[in-house]
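With the UniProt record's numbering, the residue at position 185 of the sequence shown is 185, and numbering never jumps. Idealized CB from N, CA, C, for every residue including glycine.
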Amino acid sequence: MAPRQALLPSFLCAPAPGGDQARAAPAVVAGAPSEPPFGKIEMFSPAYYAACTFGGAAACGFTHAAVTPLDVIKCNIQIDPAKYKSTSSAFGVVMREQGVRGFFRGWAPTFLGYSAQGAFKYGLYEVFKKQYTDIAGPEYAAKYKTLIYLAGSATAEVFADVALCPMEAVKVRVQTQPGYAKGLRDGFPKIVRAEGYSGLYRGLVPLWGRQIPYTMMKFATYENIVEMTYKHLIPTPKDQCSKPLQLGVSFGSGYVAGVFCAAVSHPADNLVSFLNNAKGATVGDAVKNLGLWGLFTRGLPLRILMIGTLTGAQWVIYDSFKVMVGLPTTGGAPGPSAIPVEGLAELKASA
Numbered sequence: 001m002a003p004r005q006a007l008l009p010s011f012l013c014a015p016a017p018g019g020d021q022a023r024a025a026p027a028v029v030a031g032a033p034s035e036p037p038f039g040k041i042e043m044f045s046p047a048y049y050a051a052c053t054f055g056g057a058a059a060c061g062f063t064h065a066a067v068t069p070l071d072v073i074k075c076n077i078q079i080d081p082a083k084y085k086s087t088s089s090a091f092g093v094v095m096r097e098q099g100v101r102g103f104f105r106g107w108a109p110t111f112l113g114y115s116a117q118g119a120f121k122y123g124l125y126e127v128f129k130k131q132y133t134d135i136a137g138p139e140y141a142a143k144y145k146t147l148i149y150l151a152g153s154a155t156a157e158v159f160a161d162v163a164l165c166p167m168e169a170v171k172v173r174v175q176t177q178p179g180y181a182k183g184l185r186d187g188f189p190k191i192v193r194a195e196g197y198s199g200l201y202r203g204l205v206p207l208w209g210r211q212i213p214y215t216m217m218k219f220a221t222y223e224n225i226v227e228m229t230y231k232h233l234i235p236t237p238k239d240q241c242s243k244p245l246q247l248g249v250s251f252g253s254g255y256v257a258g259v260f261c262a263a264v265s266h267p268a269d270n271l272v273s274f275l276n277n278a279k280g281a282t283v284g285d286a287v288k289n290l291g292l293w294g295l296f297t298r299g300l301p302l303r304i305l306m307i308g309t310l311t312g313a314q315w316v317i318y319d320s321f322k323v324m325v326g327l328p329t330t331g332g333a334p335g336p337s338a339i340p341v342e343g344l345a346e347l348k349a350s351a
């Protein structure tokens, strides 16, 4: 077989330890029961899923809180385009009317809500991905891996959004209605007093409509981009590449995935903002008010910038946490089952 051609120079990747002997030694793909666990935590153990959960909470909570100023501008453009005509003018309006503090309105529900969402999203994604892989079996899991990524991420997001929805409702009201509440402490009970606890979940269905396609795109696109990067751009196997290079792949792949995520989920994002801002409003009211064109495009450029950066940063934080506890970065590696090399060759030939 001819050596693989790569676009990155080989010095960016660490050489294989032990030379030819080390390369010839493995007869089974990583993940076999006879092999030692990755670093300090055994793969697919309760400790592994706990690490993924904590990593997901950190990745989503801190990144969403960091882009709160962009989120404030985006939400206001979506809700009141007559007043907030463009991104630049919206920054000026917020600064004049609310000062610097106005850009950070809603940071607390943002941080708490997306930390909870990230914990469920990443932790349960790993759980469901493994479960669906085991159900499919080695042959079908290899052949239909993208469907497994899509199914695992969609299932995880259903639960993640139940955790996020109350904080999202508070966040949107605080960010788009100056004077409604100062933040989470008074905004949360105010919604409950006026609308009951059900008021915190009025936007759940549109939130699912936004987040489930977003997360499916996020994970499936990311996993495939990482796999293609290690297959076509990098000259040596992933486990022989330096950790900084692996994390660079995580960010680049995450950013590209984020651009697709933003485009796919943007109409539902406009619906969520509208419904959480207008008491008693329906999806029909939102479509009538925004129009189909506005539903797909209002606030989109800013959201692409925000989501691309945010998604890339999330994957870096998540994978950095995994590396810190001795786990491999996400994607670009063999699946969890122990498949003999000969079996893999047959799978590739049939794919």
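Where does residue i land, buried or exposed, given buried means 16+ other C-beta within 10 angstroms?
{"i": "Phe-128", "result": "buried"}
{"i": "Ala-151", "result": "buried"}
{"i": "Ile-234", "result": "buried"}
{"i": "Lys-85", "result": "exposed"}
{"i": "Leu-292", "result": "exposed"}
{"i": "Arg-210", "result": "buried"}
{"i": "Met-306", "result": "buried"}
{"i": "Val-100", "result": "exposed"}
{"i": "Glu-126", "result": "buried"}
{"i": "Met-217", "result": "buried"}
{"i": "Ala-160", "result": "buried"}
{"i": "residue 353", "result": "Past the edges of the chain, shown from 1 to 351, lies residue 353, and the structure says nothing about it."}
{"i": "Pro-213", "result": "buried"}
{"i": "Gly-258", "result": "buried"}
{"i": "Ile-148", "result": "buried"}
{"i": "Arg-23", "result": "Low per-residue confidence applies at Arg-23: pLDDT is 41, beneath 50, and the placement is therefore not dependable, though the value from the model is reported in the following sentence. With fewer than 16 other Cβ atoms within 10 Å, it is exposed."}
{"i": "Phe-296", "result": "exposed"}
{"i": "Lys-130", "result": "buried"}
{"i": "Pro-178", "result": "exposed"}
{"i": "Ser-89", "result": "exposed"}
{"i": "Glu-284", "result": "What sits at residue 284 in the sequence shown is Gly, not Glu. Exposed: under 16 other Cβ atoms inside 10 Å."}
{"i": "Ile-135", "result": "exposed"}
{"i": "Ser-115", "result": "buried"}
{"i": "Lys-40", "result": "exposed"}
{"i": "Gly-56", "result": "buried"}
What are the boundary residues of the alpha helix (DSSP H) that includes residue i?
{"i": "His-64", "result": "46-66"}
{"i": "Glu-42", "result": "Here Glu-42 belongs to no alpha helix (DSSP H), and DSSP marks it neither H nor E."}
{"i": "Cys-165", "result": "145-176"}
{"i": "Thr-311", "result": "300-324"}
{"i": "Asp-80", "result": "Neither: Asp-80 is in no alpha helix (DSSP H) and is coded neither H nor E."}
{"i": "Phe-103", "result": "Here Phe-103 belongs to no alpha helix (DSSP H), and DSSP marks it neither H nor E."}
{"i": "Ala-220", "result": "204-228"}
{"i": "Ser-89", "result": "87-98"}
{"i": "Ile-234", "result": "It is not in any alpha helix (DSSP H) - Ile-234 carries neither H nor E in the DSSP assignment."}
{"i": "Pro-328", "result": "Segment: none, Pro-328 is in no alpha helix (DSSP H) and carries neither H nor E."}
{"i": "Thr-282", "result": "Counting along the chain, Thr-282 falls outside any alpha helix (DSSP H), and DSSP gives it neither H nor E."}
{"i": "Ala-194", "result": "184-195"}
For the candidate residues the options, whose alpha-carbon lies nearest to that of residue i?
{"i": "Tyr-201", "options": "Met-167, Thr-297 and Tyr-180", "result": "Met-167"}
{"i": "Ala-142", "options": "Phe-103, Val-205 and Asn-224", "result": "Asn-224"}
{"i": "Pro-301", "options": "Lys-40, Cys-75, Ala-278 and Gly-61", "result": "Cys-75"}
{"i": "Gly-331", "options": "Leu-204, Gly-248 and Pro-81", "result": "Gly-248"}
{"i": "Arg-96", "options": "Lys-83, Thr-146, Pro-138 and Val-172", "result": "Lys-83"}
{"i": "Lys-322", "options": "Pro-189, Val-259 and Gln-246", "result": "Gln-246"}
{"i": "Gln-117", "options": "Thr-87, Leu-327, Ala-65 and Gly-187", "result": "Ala-65"}
{"i": "Val-162", "options": "Leu-204, Arg-185 and Phe-296", "result": "Leu-204"}
{"i": "Trp-107", "options": "Phe-44, Val-67 and Ala-268", "result": "Val-67"}
{"i": "Phe-91", "options": "Lys-238, Asp-71 and Lys-145", "result": "Asp-71"}
{"i": "Phe-274", "options": "Thr-236, Gly-56, Ile-77 and Phe-103", "result": "Ile-77"}
{"i": "Phe-188", "options": "Gly-113, Leu-327 and Gly-56", "result": "Gly-113"}
{"i": "Leu-184", "options": "Val-170, Cys-52 and Ala-136", "result": "Val-170"}
{"i": "residue 359", "options": "Gly-284, Phe-260, Asn-289 and Val-172", "result": "The chain is shown only over 1 to 351; residue 359 falls outside these bounds and no answer can be derived."}
{"i": "Asn-270", "options": "Gly-299, Cys-261 and Pro-244", "result": "Gly-299"}
{"i": "Thr-110", "options": "Thr-236, Pro-69 and Ile-41", "result": "Pro-69"}
{"i": "Gln-240", "options": "Gly-56, Pro-328 and Ser-115", "result": "Pro-328"}
{"i": "Arg-105", "options": "Tyr-140, Ala-136, Asp-80 and Ala-181", "result": "Ala-181"}
{"i": "Cys-261", "options": "Gly-308, Thr-146 and Tyr-144", "result": "Gly-308"}
{"i": "Leu-290", "options": "Met-43, Gly-56, Ile-73 and Pro-81", "result": "Pro-81"}
{"i": "Gln-98", "options": "Cys-165, Ile-317, Thr-176 and Tyr-222", "result": "Thr-176"}
{"i": "Pro-206", "options": "Lys-243, Phe-219 and Pro-267", "result": "Pro-267"}
Check the Cβ-Cβ distances between residue i and every residue of chain B, and say whether any is below 8 Å.
{"i": "Lys-130", "result": "Of the protein chains in this structure there is only one, and it is not chain B."}
Does the ligand SAM have even one heavy atom less than 7 Å from the beta-carbon of residue i?
{"i": "Lys-143", "result": "The ligand SAM is not part of the structure shown, which contains no ligands of any sort."}
The segment 50-65 contacting the segment 108-122, beta-carbon criterion three pairs below 8 Å: Yes, they touch.
Measuring CB atoms only, is the segment 213-229 touching the segment 251-269, in the sense that at least three cross pairs come out at less than 8 Å? A contact between stretches requires three or more CB pairs, one per stretch, nearer than 8 Å, and the segment 213-229 meets this requirement with the segment 251-269.
Count the C-beta pairs between the segment 178-196 and the segment 144-158 that are closer than 8 Å, then say yes if the count reaches three, no if not. No contact exists between the segment 178-196 and the segment 144-158.
Any contact of the segment 47-56 with the segment 270-289, i.e. 3+ C-beta pairs under 8 Å? At 8 Å Cβ cutoff, the stretches do not touch.
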